[in-house]
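S.K.: Okay, so the sequence shown: first residue is -15 according to this note's numbering, each after it adds one.
For each residue, glycine too, the CB sits at the ideal point set by N, CA and C.
Quick caveat, the model's predicted, so the values are computed rather than measured.
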Amino acid sequence: MKKYVIYLLFIICSKQLFAQSVYLHSSHQVYSFLKKVEAKQLITNYRDAVKPLTRTDIAYFLAVVDSQKIKLSQVDIDLLNYYKEEFYQELKLMNLLSESDSVILNERWNLYSYKSGGAIVNGNFVGGYTYRDWAFDKNTRTRSNGLITYGYLGNNIGGYLYFRDHQQGGSYKDPSFRFSPEQGQLPVRYTSEHVEYDYADAQLNFDVPYVTFSIEKMSNVWGAGNRGNIILSSKPPSYPQVKIRAKLGEKAHFTYIHSSLHSELIDPVNSYITPFSSSDSTMRTIYRQKYLSAHMLEFSPINGIDIAVGESNIYGNRSPELLFLIPTMFIKSSEHYTVDLDNNQMFGSIDINLIPNYNFYGSLFIDEFSTEEFLREDRERNQIAFTVGMQAYDLIYENTNFLFEYTRLNPWVYNHKFPDATYQSHNYDLGHWVGQNGDLFYSGITYSPLFNLQLTFEYEKVRKGGKKENKYQYMLPTPEFLYSPTIIDSFYGLKARYEPIRDVVVDFHIRNTSFSQEEAIPLIEQFPKTKANYTSKFDLFLGIRYNYQ
């Protein structure tokens, strides 16, 4: 019966050859819910190695879960109904609302909603205020406001705009959110009292049968991971790109992007000085071009196993190359055509849900690797990163989630001899926020007594070594993992997330933290030491936010 229902839903959705697409930001809580029901084996062919997914894709999987909701706890049923109201428009567009749904459920409220003919537009305000009392006796206050709007036009056009303006004050101001998974920002104004920055995403999508074409400014989250992603992550500010996502039947997806990164490298040839007044002049600064080309193939060889493989290339200091505008080009071979001027990477991930209520996952990022010299300590230069993790749902008590995750990044991962070919944008690594020569262990236990309340007890330890001059990247033997000067940052504590009203979220955490950083060593790069070492001090955070992503 289960297979029949899923097959029927797939046929219904497949007949909609011109389905509109709007990608849902990767931070939305519905992704965690779908991960749980996948581990419970209520859905199959749910592939999330490339995020974000579209709202219509998510609505489809919610409909599949709804057909088997008898297997869910009451908390999860309440959460499912909550998400069905959130994606009511998409469920209705795909004819996936039952008669009882039309009576019981209410379409979510929007501050502004416009429907006429084939057009649907939704709009809402965005706002928030957060306060953090740091363990090193400083504090940060941040207020924000903005707007979000998204909608559909006809049968094949979808659009989205999200904007948020921030003012950060207090005794500690850090819009880069250094050494944390929070997205780094680009300050636009500094004063003695505060720093200002803004956040903006946008997308315009066009659908034809089985393929979605996009021009957008969005964050890519590729690979498996809960506390960071080693392939592509939301740590750097989002960047503009063109994207193609193709559905290759029920068992596979293919995604291609070509992105414009920011090199932070001044182009001395094209920069120039121009008169500003009779006595002054000003510099017109031009930055060197920098681009990312990447693709990923996701497929499900059997139910319960999802595999993704892909590659990428960073290149710069020239116009976009036609070679990298070919979505299906084998990027590794492009090194030969460009005479090894660029920076190629290969990567993959696996997601396993073969045991009910258990999810095992892993990702591998290969910057440089030699199979012949892998086991030779005097020869190996294996610049790789990997993540392994597991989640166990309802293991001891209903509505619980146990999470364990470990990530390691070898020295020189994301680096390159040419500064316009590093795996970075605006000097932020495109992958994991820990960066090269570091590792992270995270564990957490989450309990949800209500569908809109999550309580988590968590522990994390991060270690990060130094970074020598670039010449050592190409010398043998490779420096040992976590060479000095090292940083060790750890905490344990409680965090809570409560959503009393739709999209109004109250966040709180209290942590017992410890931090140590070795003294600087000449010619070895490390984060600047901005605070003294400490042991067992408390870190407090409280925030209230509306329509945050």
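Return helix, strand or coil for residue 73, following the three-state DSSP convention.
M.R.: Looking at residue 73 - three-state DSSP - the assignment turns out to be helix.
S.K.: Could you give the distance in angstroms between the alpha-carbon of residue 341 and the alpha-carbon of residue 321?
M.R.: Roughly 48 Å separates the two Cα atoms.
S.K.: Between 398, 4 and 480, which has its C-alpha nearest residue 144's C-alpha?
M.R.: Considering only alpha carbons, the answer is 4.
S.K.: Of the choices 124, 135 and 71, whose alpha-carbon is the least far from that of residue 102?
M.R.: Taking only the C-alpha atoms, the option nearest residue 102 is 135.
S.K.: Ordered along the chain, which non-local residues of its own chain (more than five positions away) have a Cβ less than 8 Å from that of residue 257?
M.R.: Taken in chain order, the residues that qualify are 265, 266, 267 and 268.
S.K.: What are the boundary residues of the alpha helix (DSSP H) that includes residue 320?
M.R.: From DSSP, the alpha helix (DSSP H) with residue 320 extends over 318 to 321.
S.K.: Give me the residue from 446, 375, 228 and 242 with the minimum Cα distance to residue 420.
M.R.: Of 446, 375, 228 and 242, the residue nearest in Cα terms is 446.
S.K.: Going along the chain, which residues of its own chain have a beta-carbon closer than 7 Å to the beta-carbon of residue 65, five neighbours each way excluded?
M.R.: Taken in chain order, the residues that qualify are 89.
S.K.: Going by DSSP in three states, residue 435 sits in which element: helix, strand or coil?
M.R.: Correct three-state label for residue 435: coil.
S.K.: Within 8 Å, do at least three Cβ pairs link the stretch 278 to 298 to the stretch 168 to 176?
M.R.: Touching, no, given that fewer than three Cβ pairs across the two stretches are closer than 8 Å.
S.K.: Could you tell me which of 307, 312, 344 and 336 sits nearest to residue 326, measuring between CA atoms?
M.R.: With distances taken between Cα atoms, residue 326 lies closest to 307.
S.K.: Using beta-carbon positions only, say whether residue 394 and residue 376 come within less than 8 Å of one another.
M.R.: Their beta carbons are not under 8 Å apart, which means residue 394 does not touch residue 376 by this criterion.
S.K.: Got a sec? Which residues, its chain only, sit under 7 Å from residue 315 by beta carbon, not counting five neighbours each side?
M.R.: 277, 295, 296, 297 and 328, listed in sequence order.
S.K.: Under the three-state reduction of DSSP, which class applies to residue 100: helix, strand or coil?
M.R.: Here residue 100 sits in strand by DSSP.
S.K.: Would you tell me roughly how many angstroms separate the C-alpha atoms of residue 164 and residue 171, rounded to the nearest one?
M.R.: Rounded to whole angstroms, residue 164 to residue 171 spans 17 Å at the Cα level.
S.K.: I'd like the list of long-range same chain contacts for residue 480, defined as Cβ closer than 6 Å, with 5 residues on each side in sequence excluded.
M.R.: Correct list, in chain order: 439 and 492.
S.K.: Short of 6 Å in beta carbon distance, which residues of its chain neighbour residue 154, apart from the five on each side in sequence? Order them along the chain.
M.R.: For residue 154, where only same-chain residues beyond five positions count, the Cβ hits under 6 Å are 123, 124 and 125.
S.K.: If we count Cβ pairs, one from each stretch, closer than 8 Å, do we get three or more for the stretch 204 to 223 versus the stretch 399 to 412?
M.R.: With a cut-off of 8 Å, the stretch 399 to 412 and the stretch 204 to 223 count as touching, because enough Cβ pairs lie within range.
S.K.: Helix, strand or coil: how does DSSP classify residue 39 here?
M.R.: Three-state DSSP puts residue 39 in a helix.
S.K.: Tell me where the alpha helix (DSSP H) around residue 18 begins and ends.
M.R.: Start and end: 14 to 23.
S.K.: Using 8 Å as the cut-off, can you tell me whether the stretch 225 to 243 makes contact with the stretch 191 to 205, which would need three or more C-beta pairs spanning the two stretches below that distance?
M.R.: The stretch 225 to 243 vs the stretch 191 to 205: in contact.
S.K.: Comparing alpha-carbon positions, which option in 430, 29 and 15 lies nearest residue 67?
M.R.: The shortest Cα separation from residue 67 among 430, 29 and 15 belongs to 15.
S.K.: So is residue 478 buried or exposed if we call it buried at 16+ other beta carbons inside 10 Å?
M.R.: It counts as exposed.
S.K.: Using a Cβ-Cβ cut-off of 7 Å (strictly less than) and excluding sequence neighbours within five positions of residue 403, which residues of its own chain qualify?
M.R.: Excluding residues within five positions, the ones whose Cβ falls inside 7 Å are 249.
S.K.: The beta strand (DSSP E) that contains residue 181, what's its start and end?
M.R.: That run of the beta strand (DSSP E) goes 178 to 192.
S.K.: Below 6 Å CB to CB, which residues in the same chain sit around residue 526 once its five sequence neighbours on both sides are set aside?
M.R.: Contacts found: 115 and 492.
S.K.: Do residue 391 and residue 212 have their C-beta atoms within less than 8 Å of each other?
M.R.: Contact: yes.
S.K.: Could you say which of 10, 274 and 42 lies nearest to residue 305 if we only look at CA atoms?
M.R.: Closest by alpha carbon: 274.
S.K.: Is the stretch 44 to 52 touching the stretch 179 to 196, taking contact as three or more C-beta pairs under 8 Å?
M.R.: No: the two stretches stay apart, fewer than three of their Cβ pairs being nearer than 8 Å.
S.K.: Measuring only the C-alpha atoms, how far is residue 192 from residue 167?
M.R.: Distance between the alpha carbons of residue 192 and residue 167: 33 Å.
S.K.: Going by the beta-carbon positions, is the gap between residue 282 and residue 34 smaller than 8 Å?
M.R.: Yes; because the gap between Cβ atoms is below 8 Å, this pair is in contact.
S.K.: Closest to residue 188 by CA distance: which of 38, 449 and 430 is it?
M.R.: Nearest option by C-alpha distance: 38.
S.K.: Determine the closest residue to residue 32 out of 12, 429 and 323, with distance taken between C-alpha atoms.
M.R.: Comparing Cα positions, the closest option is 12.
S.K.: Ends of the beta strand (DSSP E) at residue 125?
M.R.: Unbroken beta strand (DSSP E) run through residue 125: 123 to 137.
S.K.: For residue 557, collect the residues of the same chain with a Cβ closer than 6 Å to its Cβ; drop the 5 residues on either side in sequence, then sort them by chain order.
M.R.: Lying outside -15 to 533, the shown extent of the chain, residue 557 is not represented and no answer is given.
S.K.: Could you name the residues that DSSP lists as bridge partners for residue 374?
M.R.: Beta-bridge pairing links residue 374 to 344 and 388.
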